[in-house]
Amino acid sequence: MLAELLGAQQSTSGYPHFWPLDFPVEDFIARPGELGAWVAEVDGELAGHVAVTDVAVGWGAPLWSEILGRPGEGFGEVSILFVGPGHGAAGIGGALLGRAIDEIRALGRDPVLEVVGEETHAGLYYRKRGWRVIGHRRPAWLPDGAPDVAFMVLDQVLATK
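Sequential numbering of the sequence shown, starting at 7, is according to our numbering.
Below, the structure written as structure tokens:
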């Protein structure tokens, strides 16, 4: 069901960047190092999903350590967040993001995330909610012309460093 919801929202959100994926959608939704995952429902229907992963497992671990001067184990990444069609203005994305941040903090970690393009809808969404870009990288899987991946942290994380 999550795979179908992800596919249904992709044409309007552009997330994930490639569609269809060239690997099983389930591998995109459930990732190595997952620390927790949650769904939102509206009237018994699936409306959104968020997951948190261990930064030390992801490809961005060296960047987080380099920029913030701490090992990746000190961070939890909001690794996936999407909301189904028709639910974008209902506050579901914000509620799911808040749940993920709360879980990361409960684990004694600082929240981070990656987004393709800081000026995209998703990048602007996070920036409006207090996330700041601290670095960029261009992974091999990005096609020519696509914006770089922006690495983001909450303002509160920057204030404590």
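Glycine included, C-beta positions come from ideal geometry on N, C-alpha and C.
Handout entry: Span of the alpha helix (DSSP H), counted from its first residue to its last, around L148
Key = Per DSSP, L148 lies in no alpha helix (DSSP H) and is assigned neither H nor E.
Practice task
Please classify T18: is it buried, with 16 or more other beta-carbons within 10 angstroms of its beta-carbon, or exposed?
Solution key: Residue burial is scored here from C-beta neighbours: T18 has fewer than 16 other C-beta atoms within 10 angstroms and is therefore classed as exposed.
Handout entry: According to DSSP, residues forming a beta bridge with V61
Key = Answer is none; V61 lacks a bridge partner.
Practice task
Could you tell me whether the Cβ atoms of G123 and L87 are closer together than 9 Å?
Solution key: No; because the gap between Cβ atoms is not below 9 Å, this pair is not in contact.
Practice task
Kindly indicate which three-state DSSP category F29 falls into: helix, strand or coil?
Solution key: F29: coil per DSSP, three-state reduction.
Problem - Beta-carbon proximity list for G141, same chain, < 7 Å, skipping 5 on both sides - result: Only L69, I73, F157 meet the Cβ criterion.
Practice task
Could you have a look at L119 and say whether DSSP puts it in helix, strand or coil?
Solution key: Of the three classes helix, strand and coil, the one that applies to L119 here is strand, per DSSP.
Handout entry: Assumed close pair G64, E83 - CB separation to whole angstroms, cut-off 8 Å
Key = About 6 Å separates the two Cβ atoms, so the contact holds.
Practice task
Say whether the stretch 145-156 touches the stretch 112-130, bearing in mind that this needs 3 or more beta-carbon pairs closer than 8 Å, one atom from each stretch.
Solution key: In short, these stretches touch, since the Cβ pair count reaches three.
Exercise for the section: Take F34 as the anchor and find which of G100, L8, G50 has the nearest alpha-carbon. Expected result: Ranking the options by Cα distance to F34, first place goes to L8.
Practice task
Go ahead and pull the three-state DSSP assignment for L130.
Solution key: For L130, the three-state secondary structure derived from DSSP is helix.
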